[in-house]
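Since the structure comes first, as structure tokens, the remarks are kept for the end.
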Amino acid sequence: MCGRFIDADLRGTDSELSQLNITPFQRRYNIKPTEDVLILAKQSLLPMMARWWLIPSWHKGDLGDFKPTTFNARIEDAREKPSFRAVWRFGRCLIPAGGYYEWSGASGHKQPHFIHNAGNEGTLWFAGLASRWQHLLTCTILTRAANGTVNDLHARMPVILNAEERDAWLAGSDDQTLGAGASLRHHLVHPFAISDDGPELIEPAQA
């Protein structure tokens with residue numbers, strides 16, 4: 001799963017992000033569901049901000065009336081789920097991130113780990129789906145079974161796409177092996193509160 005992540009470094013030297021017309025903003029290190037995140041929509045990679053917790057266009061009532069947990073969607077069955085079925089076909093997007101967090105250990109003593117690219121690439125490209133509900137753009141992050149680089153932490157991981165897979169995803173691919181080859185590494189970080197933010201959150205902590 002993916003319940004917390006950090007912004008990609010828009011001021012960095014990532015060549016792929018530098019080609020996009022994105023206005024830099026204050027980098028965040030503790031992004032939570034329901035907050036606005038940067039997405040790149042359509043094959044033209046149009047940058048937009050979207051609320052991270054998808055609300056399907058057919059939802060009636062107020063925002064707070066929608067109860068399903070839709071900040072993540074399973075790539076294995078999202079195209080069949082009522083909340084995601086329409087945007088699986090028409091709402092593909094990418095969500096750039098600098099890394100994400102998972103927790104290990106017993107309840108009440110869980111320890112956070114920061115997960116990031118194992119190579120020189122600074123940005124992780126999450127597969128996403130975007131839905132416009134009334135006048136609000138919302139999104140979800142696709143997840144898949146964790147591969148061997150992170151399955152010691154959690155059974156699920158975001159669908160993290162390489163350049164070829166990004167093109168395939170945006171073009172409408174139904175390939176459920178997308179993201180299987182993502183190479184990640186992780187390290188223990190200090191526990192932090194829901195309101196904490198800043199680069200110190202991703203600094204290594206001793207076990």
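Residue numbers (UniProt numbering): 1 to 207. Think of the CB as a built atom: it goes at the ideal place given N, C-alpha and C, for glycine as much as any other residue.
Express the C-alpha separation of A41 and I22 in angstroms, rounding to a whole number. When the Cα atoms are used, I22 and A41 turn out to be separated by approximately 13 Å.
Given 8 Å as the limit, is there contact between the region 152-160 and the region 42-61, that is, 3 or more CB pairs closer than that? Counting Cβ pairs under 8 Å, fewer than three are found: no touch.
Three or more C-beta pairs closer than 8 Å, one from the region 137-145 and one from the region 84-100: is that the case here? Yes, since at least three Cβ pairs between the region 137-145 and the region 84-100 fall closer than 8 Å, the two stretches touch.
Would you mind reading off the limits of the alpha helix (DSSP H) that contains L201? Per DSSP, L201 belongs to no alpha helix (DSSP H) and is neither H nor E.
For E76 and H154, which I take to be in contact (beta-carbon distance under 8 Å), what is that distance rounded to the nearest angstrom? For a cut-off of 8 Å, the C-beta gap from E76 to H154 is around 16 Å, too long to register as a contact.
Alpha-carbon to alpha-carbon, K32 and I194: Put simply, the backbone Cα of I194 is about 8 Å away from that of K32.
For a test of the three-state rule: what should DSSP assign to F90, helix, strand or coil? Here F90 sits in helix by DSSP.
Are H113 and L188 touching if we call contact CB-CB under 7 Å? Cβ distance < 7 Å, so H113 and L188 count as in contact.
Once DSSP output is grouped into helix, strand and coil, what is the label at L153? Coil at L153, not helix or strand.
Given this structure, state the Cα-to-Cα distance separating T177 from R28, to the nearest angstrom. Counting only the Cα atoms, R28 lies some 30 Å from T177.
Cutoff 6 Å; reference A182; Cβ partners in own chain excluding five residues on either side: Short of 6 Å from the beta carbon of A182, and not among the five residues preceding or following it, lie these beta carbons of its own chain, in chain order: I160.
Exposed unless 16 or more other CB atoms sit within 10 angstroms - verdict on P56: The residue is buried, with at least 16 neighbouring Cβ atoms inside 10 Å.
Quick one, which of F66, G105, A171 has its alpha-carbon nearest W133's? If we check each option's Cα against that of W133, F66 comes out closest.
Please give me, in chain order, every unbroken run of the alpha helix (DSSP H) with length at least 4 that falls completely inside the region 55-121. Correct list: 85-90.
With DSSP collapsed to three states, give me the class of L170. In this structure, L170 counts as helix in the three-state DSSP scheme.
Residue range of the beta strand (DSSP E) that S131 falls in? Boundaries of the beta strand (DSSP E) harbouring S131: 124-133, taken from the DSSP string.
Can you give the Cα-Cα distance for A171 and G3, rounded to whole angstroms? Distance between the alpha carbons of A171 and G3 is about 26 Å.
Is A50 helix, strand or coil by DSSP? Here DSSP, grouped into helix, strand and coil, assigns A50 to strand.
Can you tell me where the beta strand (DSSP E) holding I39 begins and where it ends? Per DSSP, the unbroken beta strand (DSSP E) holding I39 starts and ends at 36-41.
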